[in-house]
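Each residue of the sequence shown is one higher than the one before, starting from 497 at the first, in this note's numbering.
Glycine included, C-beta positions come from ideal geometry on N, C-alpha and C.
Since the structure is predicted, the reported quantities are computational estimates derived from the model, not experimental observations.
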Amino acid sequence: MPANSRDTQGPQNKDKASRTPHRARAHRWLLLYYALCFSLSKASAHTVELNDMFGQIQSPGYPDSYPSDSEVTWNITVPDGFRIKLYFMHFNLESSYLCEYDYVKVETEDQVLATFCG
Numbered sequence: 497m498p499a500n501s502r503d504t505q506g507p508q509n510k511d512k513a514s515r516t517p518h519r520a521r522a523h524r525w526l527l528l529y530y531a532l533c534f535s536l537s538k539a540s541a542h543t544v545e546l547n548d549m550f551g552q553i554q555s556p557g558y559p560d561s562y563p564s565d566s567e568v569t570w571n572i573t574v575p576d577g578f579r580i581k582l583y584f585m586h587f588n589l590e591s592s593y594l595c596e597y598d599y600v601k602v603e604t605e606d607q608v609l610a611t612f613c614g
């Protein structure tokens, strides 16, 4: 699942089709939490640090299916005065009730900005 950039000022809901703007304060860093087939014992969990001005994020194994019980966290940091934007070119997750299994969560130090489900 590549993602270039999407504004951190995005939605605060679980419906990717519904977009509601919220606070205007820019954030220096963003934590992108991508949990796949969430379980108490993770078969694969790792963190990726991203510090470049531009980049691409992909789910494990993309374009093939992602492995079960995977968890990936991307810590995205930009210089003062810059914003982080996420842009999803392809977004395809297995559906689950209330995002309990497969989801992408976008958060800052103090707040969950959005949770996207399949």
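Query - Alpha-carbon to alpha-carbon, Ser564 and Phe584 - result: What you label residue 584 is simply residue 88 of the sequence shown in a count that begins at 1. What you label residue 564 is simply residue 68 of the sequence shown in a count that begins at 1. Looking at the two C-alpha atoms, the distance is approximately 21 Å.
Query raised in the report: So is Val544 buried or exposed if we call it buried at 16+ other beta carbons inside 10 Å?
Result: Against the sequence shown, residue 544 aligns to sequence position 48. Per the 10 Å Cβ criterion, exposed.
Query - Three-state secondary structure assigned by DSSP to Leu536 - result: On the sequence shown, position 40 is the one that residue 536 refers to. With a pLDDT of 36 at Leu536, under the threshold of 50, the predicted position of this residue should be treated as unreliable, though the coordinate-derived value follows. Leu536: coil per DSSP, three-state reduction.
Query raised in the report: Does DSSP classify Tyr597 as helix, strand or coil?
Result: Start at 1 with the first residue of the sequence shown, and residue 597 comes out as number 101. Residue state, collapsed to three classes: coil.
Query - Span of the beta strand (DSSP E), counted from its first residue to its last, around Ser566 - result: Looking up residue 566 in the sequence shown gives position 70. Unbroken beta strand (DSSP E) run through Ser566: Ser566 to Thr573.
Requested in this report: Can you tell me which of the three DSSP states Ile580 falls into?
Outcome: Taking the sequence shown and counting its residues from 1, the one referred to as residue 580 is at position 84. In the structure shown, Ile580 sits in coil (DSSP, three-state: anything other than H, G, I, E or B).
Query - Rounded C-alpha distance that separates Asp598 from Ser591 - result: Numbered from its first residue, the sequence shown carries residue 598 at position 102. Numbered from its first residue, the sequence shown carries residue 591 at position 95. Roughly 7 Å between the two C-alpha positions.
Query - Backbone secondary structure at Leu546 - three-state DSSP - result: For the purposes of this step, residue 546 is identified with residue 50 of the sequence shown, where counting begins at 1. The answer is strand: DSSP assigns Leu546 an E or B state.
**Report entry** Burial state of Val608, where buried means 16 or more other Cβ atoms lie within 10 Å
**Finding:** As a working note, residue 608 is residue 112 in the sequence shown. Burial call: exposed.
Query raised in the report: Who pairs with Thr611 in a beta bridge, going by DSSP?
Result: Along the sequence shown, read from residue 1 onward, the residue named residue 611 stands at position 115. Bridge partners of Thr611: Lys601.
Report task. Drop a sphere of 10 angstroms on the beta-carbon of Phe612, count the other beta-carbons inside from all chains shown, and report buried for 16 or more, exposed for fewer. Result -> Position 116 of the sequence shown, counted from the first residue, corresponds to residue 612. Answer is buried; the Cβ neighbour count reaches 16.
Query raised in the report: Out of Gly557, Asp548 and Val568, which has the shortest C-alpha to C-alpha gap to Lys581?
Result: Counting from one through the sequence shown, the residue named residue 581 turns up at place 85. Ranking Gly557, Asp548 and Val568 by Cα distance to Lys581 puts Asp548 first.
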